[in-house]
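One structure below.
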Amino acid sequence: MPTIADVARLAGVSRAVASRALSADKRPVSQDKRERVLAAAEELGYRVNLLAQSLTTKTVNLIAVVVNHIHDLSDLDLFDLLLTEIQTAGKQTVLIRVGSEEKVGEFLRRGIAYHVDAALVFSDFADAATVRRMFRSDLVVMLNGRHDRLSPAVIPDEATGIGEAVADAAAKGVKQASLVTGRASSQVEQARIASYRQAFEKHGIGLVGTAQGDYSYHSGHALAAGLTGADCPQAIFCTSDAMAMGILDACRRDFPGNRPSRFRLYGFDNLSLLDFDAYPISSIGYDKRAYVTRILEILAEPPAGEDIAPALIPSRYVPRLTG
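FYI, this note's numbering numbers position 100 of the sequence shown as 100, with every residue one higher than the one before it.
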C-alpha cells in the first residue's frame, strides 16, 4: 500500500507538506503544492489513514447522531440535509438508535464507547449528562429539549407557527377542534401541546377531543375513524404531518378536490411531500436549512462556559387546501 512518504516523494514535497495538503482541515499549503500532492495521491491510489490522522489531530471527524428511530416522514427531510452538510464539512456520522430509556441504560452498562468529536441528540430518551457519559465528549448538542447548563441546544420556536395556524382556523369560523398528539413523554411534545392549548384558549376554540398517536402515518390512519364520526369537530390539528396524511387518506370523501367539507385539517413539520397534489395539507414548519446551519456553526465553534442559551429557530404557518 502506498504511504504518505511515497506521495511526498512523487510530488516533490516534504511529508509535512503532503500531510497538510491531504488534511480535511484548511491547513496552510500553496495551491501548486496542494495540486501536486493530490495528483500524486490519485496516481498512487493513496488513501488517508483516518486512524493515524486522528492520533495527530486528536479528532476523528466523526459525529454521533442519536435518534429514537427513523420512521417519521419528517426525519427524511431533515436527516438527508443534515448528513449532507456534515459530510460537506469533512466529517462523517454514526447513527445510534435509542428506542427507549432502557436502551440508554443498556448502552451505558455494556460500556460501549464511540470516540466521536460531538453528539447530536434527537432522542427524547436521553438527557445531556447521560449522553456526555455515553460518548465521553463534552460537545453534546441537544435537539430534544433536555439540555442543561453545559450543553448547547437548537430548538424551533414552535409557538409562533402554532398561533398562526390556530388564528387561521378561528378566522374561518372554527369553534371546536381536536388535537392528535405524539408521545407524551417528549418534552418537545409537551411544550407543543401546551402551545396549542394556549392558542385555542386565546382564539376561543374549544378543545373537544385529543388522541395520541406516534407521529406515524399508520397511527393517524388508525385514529381517523374515532375522530370523524357524527360529532366531528370543525378542525383537526396533528402534531406531525405524517399523522395528518393518514387522516386525509382515511377521510378522502370529506375532502373533495382536497378541500374540506366537514372539517379542516392541519399538520406539523411542513414536509416537502405537502408541496405536491396528493397531500396539500396546511402545516407548521421552520427553515430546516437554518436549523442545520446553526447546528454546524456550533460544531465548528462550540460555545464556551455555562448557562448556554438555546438557539431558537422561528416557525411559521404554511396554508394549503386542507386548512
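Backbone N, C-alpha and C define an ideal beta-carbon position, used for all residues, glycine too.
Those residues which DSSP pairs with residue i across a bridge
| i | result |
| --- | --- |
| TYR317 | ILE284 |
| VAL65 | LEU95, LEU120 |
| PRO156 | ILE313 |
| TYR266 | PHE237, SER282 |
| VAL140 | ALA119 |
Exposed unless 16 or more other CB atoms sit within 10 angstroms - verdict on residue i
| i | result |
| --- | --- |
| ARG47 | exposed |
| GLU42 | exposed |
| ALA225 | exposed |
| ASP231 | exposed |
| HIS115 | exposed |
| PHE276 | exposed |
| GLU189 | buried |
| ALA171 | exposed |
| THR88 | exposed |
| GLY246 | buried |
| MET134 | buried |
| LEU55 | In this predicted model, LEU55 has a pLDDT of only 41, less than 50, meaning its place in the structure is not dependable; the value taken from the coordinates is given anyway. By the 10 Å Cβ count, LEU55 comes out exposed. |
| SER219 | buried |
| SER261 | exposed |
| PRO28 | exposed |
Boundaries of the beta strand (DSSP E) in which residue i is found, first to last residue
| i | result |
| --- | --- |
| GLY209 | 206-212 |
| GLN92 | 92-97 |
| SER178 | 176-181 |
Alpha-carbon to alpha-carbon, residue j and residue i
| i | j | result |
| --- | --- | --- |
| GLN198 | GLY163 | 8 Å |
| VAL154 | ASP214 | 23 Å |
| THR210 | ASP127 | 28 Å |
| ALA167 | GLU297 | 34 Å |
| LYS352 | ILE284 | Residue numbering for the chain in the displayed model covers 1 to 323; residue 352 lies beyond these limits and cannot be assessed. |
| ILE295 | LEU271 | 20 Å |
| CYS251 | MET243 | 12 Å |
| SER195 | LYS33 | 57 Å |
| ASP241 | ARG132 | 32 Å |
| SER151 | TYR217 | 33 Å |
| ALA159 | GLN187 | 14 Å |
| ILE281 | ALA18 | 54 Å |
| HIS147 | SER185 | 15 Å |
| ILE308 | ARG149 | 6 Å |
| ARG36 | SER30 | 10 Å |
| ILE81 | THR293 | For the record, residue 81 in the displayed sequence is Leu; it is not Ile. Answer to the nearest angstrom: the Cα atoms are 10 Å apart. |
| ARG192 | ASP269 | 12 Å |
Nearest-angstrom beta carbon gap, residue j and residue i [assumed within contact, 8 Å]
| i | j | result |
| --- | --- | --- |
| SER315 | GLY90 | With 8 Å as the limit, SER315 and GLY90 do not qualify as a contact, their Cβ atoms being about 31 Å apart. |
| ASN61 | PHE125 | Contact flag wrong, Cβ pair sits at about 27 Å. |
| LEU38 | ASP6 | The pair is not a contact, with the Cβ atoms about 14 Å apart (cut-off 8 Å). |
| TYR279 | LEU248 | 6 Å |
| ALA311 | ARG264 | Going by Cβ atoms, the distance from ALA311 to ARG264 rounds to 33 Å, so no, they are not a contact pair. |
| GLY8 | SER14 | Inspection of the sequence shows that residue 8 is occupied by Ala rather than by Gly. Indeed they touch by this definition, with Cβ atoms about 6 Å apart. |
| ASN258 | THR181 | Between THR181 and ASN258 the Cβ distance is about 24 Å, and since that is not below 8 Å, they are no contact. |
| ILE63 | ILE86 | 6 Å |
| PHE237 | LEU179 | 5 Å |
| PRO156 | TYR266 | Going by Cβ atoms, the distance from PRO156 to TYR266 rounds to 16 Å, so no, they are not a contact pair. |
Limits of the unbroken alpha helix (DSSP H) element including residue i
| i | result |
| --- | --- |
| GLY19 | First, the amino acid is wrong: residue 19 is Ser here, not Gly. Per DSSP, SER19 belongs to the alpha helix (DSSP H) from 15-22. |
| LEU44 | 31-44 |
| HIS147 | Counting along the chain, HIS147 falls outside any alpha helix (DSSP H), and DSSP gives it neither H nor E. |
| MET134 | 128-135 |
| ALA194 | 187-202 |
| ARG9 | 4-11 |
| GLY338 | The requested residue 338 is not part of the displayed model; the chain covers only 1 to 323. |
Cβ-heavy atom distance, residue i to the ligand PLP, below 6 Å
| i | result |
| --- | --- |
| GLN198 | Annotation note on the ligand PLP: not contained in the displayed structure, which lists no ligands. |
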